[in-house]
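Residue 51 in numbering that gives the first Met the number 0 is what sits at position 52 of the sequence shown, and the numbering runs on without skipping anything.
Beta carbons are placed, not taken as given, at the ideal position from N, Cα and C, and that holds for glycine.
Notes to accompany the following structure.
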Amino acid sequence: MKLALATLIALTLPAAAFAADGKAVYAARCAACHGATGQGSFGGPALKGVTGRKIAGLPGYAFSAGLKAKAGTWTAANLDAYLAAPAKFAPGTKMFAGASDAAERAALVAFLKTLK
Ligand code: HEC
């Protein structure tokens, strides 16, 4: 029983720790502009529900022409590419912040999925 429980914890912990990490990175690097819970009250658009949303598609937010020119939706791959190099993904974007570390980006993308 003890062993089964330990196995269960070992199996469930990584996924949970991963999302928690993303939350910490978000708090440190993104929340200043996008709000603590993705509500977007500090200059950046709301990121609540951003995963799967049309790129630059949030109604009422004044997106740059650069981001509006991008077709498609925010898939995990698009989010990763934008965060890796915002101006390369969407030349002319207003966002200059990102995350150069691939593991940090993966954690961030996992966390963004939880913002609903
Ligand atoms: C200095 C302020 C600032 C910081 C810090 C910042 N952003 Fe942004 N973000 C913006 C602005 C401004 C836009 C709108 C960009 C545009 O219109 O070109 C944006 C746009 C976005 C979008 C596109 C939203 C949409 O609806 O199309 C995503 C996703 C995003 N940011 C994620 C992040 C993440 C994740 C972080 C943390 C690593 C972060 N941002 C840090 C200001 C910021």
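Given 8 Å, three or more beta-carbon pairs between the region 65-76 and the region 28-42: They do not touch, by the three-pair rule.
Nonlocal neighbours in the same chain, by C-beta distance under 6 Å from leucine 7, ignoring five residues either side: On the sequence shown, residue 7 is found 8 positions in, with the first residue counted as 1. Reliability of the predicted coordinates at leucine 7 is poor, the pLDDT of 49 falling under 50, and the value obtained from them is presented with this limitation in mind. There are no such residues.
Valine 108 and alanine 75 closer than 8 Å at C-beta: Residue mapping note: residue 108 aligns to position 109 of the sequence shown, counting from 1. Residue mapping note: residue 75 aligns to position 76 of the sequence shown, counting from 1. Cβ distance < 8 Å, so valine 108 and alanine 75 count as in contact.
Burial state of alanine 84, where buried means 16 or more other Cβ atoms lie within 10 Å: Residue mapping note: residue 84 aligns to position 85 of the sequence shown, counting from 1. Counting of Cβ neighbours within 10 angstroms places alanine 84 among the exposed residues, the total staying below 16.
Cβ neighbours of lysine 53 in the same chain (closer than 7 Å, five flanking residues each side left out): Start at 1 with the first residue of the sequence shown, and residue 53 comes out as number 54. The beta carbon of lysine 53 sits closer than 7 Å to those of Thr72, all from its chain and outside the five residues before and after it, given in chain order.
DSSP state of threonine 72 mapped onto helix, strand, coil: Indexing the sequence shown from 1 puts residue 72 at position 73. It is a strand residue.
Nearest residue (CA-CA) to alanine 140, options Gly48, Ala80, Lys115: With the chain running from 0 to 115 in the structure shown, residue 140 is simply not present.
Sequence-distant residues of the same chain with beta carbon closer than 6 Å to alanine 89, five excluded per side: Translated into the one-based positions of the sequence shown, residue 89 becomes position 90. The answer, listed in chain order, is Gly65, Leu66, Lys69.
Nearest to arginine 28 (by Cα), restricted to the options Leu114, Lys93, Leu82, Ala86: For this step, residue 28 is matched to residue 29 along the sequence shown. Measuring from the Cα of arginine 28, the nearest candidate turns out to be Leu82.
Residue closest to proline 58, alpha-carbon to alpha-carbon, out of Pro44, Gly51, Gly34: Numbered from its first residue, the sequence shown carries residue 58 at position 59. It is Pro44 whose Cα lies nearest to the Cα of proline 58.
Chain-order list of residues whose beta-carbon lies under 8 Å from that of lysine 47 (same chain, five-residue window excluded): If you number the sequence shown from 1, residue 47 lands on position 48. Within the same chain, and ignoring the five residues on either side of lysine 47 in sequence, the residues whose Cβ sits closer than 8 Å to its Cβ are Thr36, Gly37, Gln38, Gly39, Leu114, Lys115.
Where lysine 53 falls: helix, strand or coil (DSSP): Within the sequence shown, numbered from 1, the residue matching residue 53 stands at position 54. Strand.
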